[in-house]
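Using my numbering, the first residue of the sequence shown is number 560, and each one after it goes up by one.
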Amino acid sequence: MSTAPKIETVSVHAGLRTDPSTGAVAQPIHLSTTFERRPDGSLPDEYLYIREGNPNRRALETAVAALEGGGAAACFASGLASIDAVLRALPAASRVVAPRDIYHGTRVLLTEHHPSLQVRFVELSDLDAARRALAEPAALVLVETPSNPQLHITDIAGVVAAARRVGARVLVDNTWSTPVLQRPLELGADLVVHSSTKYFGGHSDVQGGVVVASHELTAETAVTDRQGLFGRIRAVQEQAGAAPAPFDCWLIRRGLQTLPCRMRAHEEGAAEVARALAEHPGVLKVLWPGLPSHPGHEVMKAQASGFGAMLSIRVRGGFDDASAVVGRCRLFKRATSLGGVESLIEHRAAIEGPETPTPPDLLRLSIGLEHPDDLVDDLLQALTG
Numbered sequence: 560m561s562t563a564p565k566i567e568t569v570s571v572h573a574g575l576r577t578d579p580s581t582g583a584v585a586q587p588i589h590l591s592t593t594f595e596r597r598p599d600g601s602l603p604d605e606y607l608y609i610r611e612g613n614p615n616r617r618a619l620e621t622a623v624a625a626l627e628g629g630g631a632a633a634c635f636a637s638g639l640a641s642i643d644a645v646l647r648a649l650p651a652a653s654r655v656v657a658p659r660d661i662y663h664g665t666r667v668l669l670t671e672h673h674p675s676l677q678v679r680f681v682e683l684s685d686l687d688a689a690r691r692a693l694a695e696p697a698a699l700v701l702v703e704t705p706s707n708p709q710l711h712i713t714d715i716a717g718v719v720a721a722a723r724r725v726g727a728r729v730l731v732d733n734t735w736s737t738p739v740l741q742r743p744l745e746l747g748a749d750l751v752v753h754s755s756t757k758y759f760g761g762h763s764d765v766q767g768g769v770v771v772a773s774h775e776l777t778a779e780t781a782v783t784d785r786q787g788l789f790g791r792i793r794a795v796q797e798q799a800g801a802a803p804a805p806f807d808c809w810l811i812r813r814g815l816q817t818l819p820c821r822m823r824a825h826e827e828g829a830a831e832v833a834r835a836l837a838e839h840p841g842v843l844k845v846l847w848p849g850l851p852s853h854p855g856h857e858v859m860k861a862q863a864s865g866f867g868a869m870l871s872i873r874v875r876g877g878f879d880d881a882s883a884v885v886g887r888c889r890l891f892k893r894a895t896s897l898g899g900v901e902s903l904i905e906h907r908a909a910i911e912g913p914e915t916p917t918p919p920d921l922l923r924l925s926i927g928l929e930h931p932d933d934l935v936d937d938l939l940q941a942l943t944g
């Protein structure tokens, strides 16, 4: 009896095929910006112009949709461009519910670049608070779990149930978990978004984003129907020009082939770092949902197969002491972003500015693929001073 292929198999093969003209196993890169018509004016394939589609983009969209268990995907030039496309696809003056702890770039997008939207920030990790916020109609609930940078955990299925009662769609930013660990569409979400710059690419050398729609959402109207929500997202992709370049799509698709292996290694390292720092006197708190003491531990354990490789720590002493710890790191790179093979550390409050809601003593860590013992040693010497 045949069974559905496992995620490791999907990550290697989805969207790819042996090149029919050369027999090449590796996907060619199609750099052409335009595609020739037949003498009768018809197109030999679906491609007309690079802004509207490209073989490398199609391969990537097919693969990501398969990995997330979705009906279709639309790739963009960045993660924020993906979220922006969803927001643009909403009717004017739509009500949007978003988490209080959220990626700084997404907060800026919501508060400064979509003035017609009615945005309410809520502690979505508190399911009762989420239900109160959804006591009246809304167009969209934006979920980020684990949240960036404080790693609050939201009950996705619980929020979906509350959203359904008022006709709201649910969008989940799954960048930190990836479909290897968490599958929001299976929990009822309508849309999933990723910054594919992060774990999908996996090597800190390419930028991208993607929106994945559920089978239910894409079945409401044809994908080519610009009246449906995903159709409108597609229209933004094609008409606003925020589409990724062919080589970017090729790099991200290549990164997906090792995603399951990398995510498990990333998480193993994060677990060792989190346990070591939890016992250090210079650390007030370790924010990683894999620790049983984390308030979202049981929720994430129930809705995901792992806890991820991102963690934050609250450093004893405040803003200046946290900054000093970053400056003393030798192995961790002092850089923005996450999900690459190298470990990164960042003082988020210093990056986000004086209006940030992020605690001034918080450091965000992206655990790479170095040996965990070396990472722990670097952090211990940095904390010791």
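No residue lacks a Cβ here, since even glycine has one placed at the ideal position from N, Cα and C.
All values derive from a computational prediction rather than experimental measurement.
Handout entry: Candidates Arg724, Ala722, Val725 and Phe759, of which the one nearest proline 738 by Cα
Key = Phe759
Practice task
Within 10 angstroms of the Cβ of cysteine 808, are there 16 or more other Cβ atoms? Answer buried if so, exposed if not.
Solution key: Buried, by the Cβ-count rule.
Handout entry: Local Cβ density within 10 Å of aspartate 879, reported as buried at 16 or more and exposed below that
Key = exposed
Practice task
Please confirm if the region 660-672 is in contact with the region 704-717, defined as three or more CB-CB distances below 8 Å between the two stretches.
Solution key: Segments in contact, yes.
Handout entry: valine 935 and glycine 761 closer than 9 Å at C-beta
Key = no
Handout entry: Contained beta strand (DSSP E) runs [length at least 3] in the region 694-734, N- to C-terminal order
Key = Counting only runs of 3 or more, we get 699-703 and 728-732.
Problem - Host beta strand (DSSP E) of serine 925 (start-end) - result: In the DSSP assignment, serine 925 falls within the unbroken beta strand (DSSP E) covering 921-925.
Exercise for the section: Taking the CB atoms as reference points, tell me whether alanine 648 and isoleucine 811 lie closer together than 9 Å. Expected result: no
Practice task
Please name the residue in Thr592, Thr577, Phe594 and Asp937 whose C-alpha comes closest to that of glutamine 586.
Solution key: Looking only at Thr592, Thr577, Phe594 and Asp937, the smallest Cα-Cα distance to glutamine 586 is reached by Thr577.
Problem - Exposure label - alanine 563; buried when at least 16 CB within 10 Å - result: exposed
Problem - Contact under 9 Å by Cβ, alanine 772 with alanine 633 - result: yes
Handout entry: Same chain only: Cβ atoms within 8 Å of alanine 625, ignoring 5 sequence neighbours per side
Key = Val569, Ala573 and Gly574
Exercise for the section: Indicate whether valine 858 and isoleucine 712 have their beta-carbon atoms separated by less than 9 Å. Expected result: Against a cut-off of 9 Å, the Cβ pair of isoleucine 712 and valine 858 comes out as a contact.
Problem - Spatial neighbours of glutamine 862 in its chain, beta-carbon cut-off 8 Å, leaving aside the 5 residues before and after - result: Asp714, Ile715, Ala716, Gln741 and Leu746
Practice task
Please determine, among Val885, His906, Ala909 and Glu826, the residue with the shortest C-alpha to C-alpha distance to isoleucine 926.
Solution key: Glu826
Exercise for the section: Within its chain, find whatever has a CB closer than 7 Å to the CB of glycine 855; leave out the 5 residues flanking it on each side and keep chain order. Expected result: Ser684, His711, Ile712 and Pro848
Practice task
Report the option in Ala657, Thr670 and Ala636 whose CA atom is closest to the CA atom of histidine 954.
Solution key: Given that the chain is displayed from residue 560 to residue 944, the structure contains no residue 954 and the question cannot be resolved.
Problem - Best match in Leu693, Trp735 and Arg887 for proximity to alanine 720 [C-alpha to C-alpha] - result: Closest by alpha carbon: Leu693.
Handout entry: N-terminal and C-terminal residue of the alpha helix (DSSP H) that valine 571 is part of
Key = 566-572
Handout entry: Beta-bridge pairing of histidine 663 - partner residues as DSSP gives them
Key = Bridge partners of histidine 663: none, in fact.
Exercise for the section: Give the DSSP-derived three-state secondary structure of lysine 757 in the structure shown. Expected result: Reduced to three states, the DSSP call for lysine 757 is coil.
Exercise for the section: Measure the Cβ-Cβ separation of leucine 843 and arginine 873 and say whether it is below 9 Å. Expected result: Yes, Cβ-Cβ distance for leucine 843 and arginine 873 is below 9 Å.
Exercise for the section: List the endpoints of the continuous beta strand (DSSP E) containing phenylalanine 680. Expected result: Start and end: 677-681.
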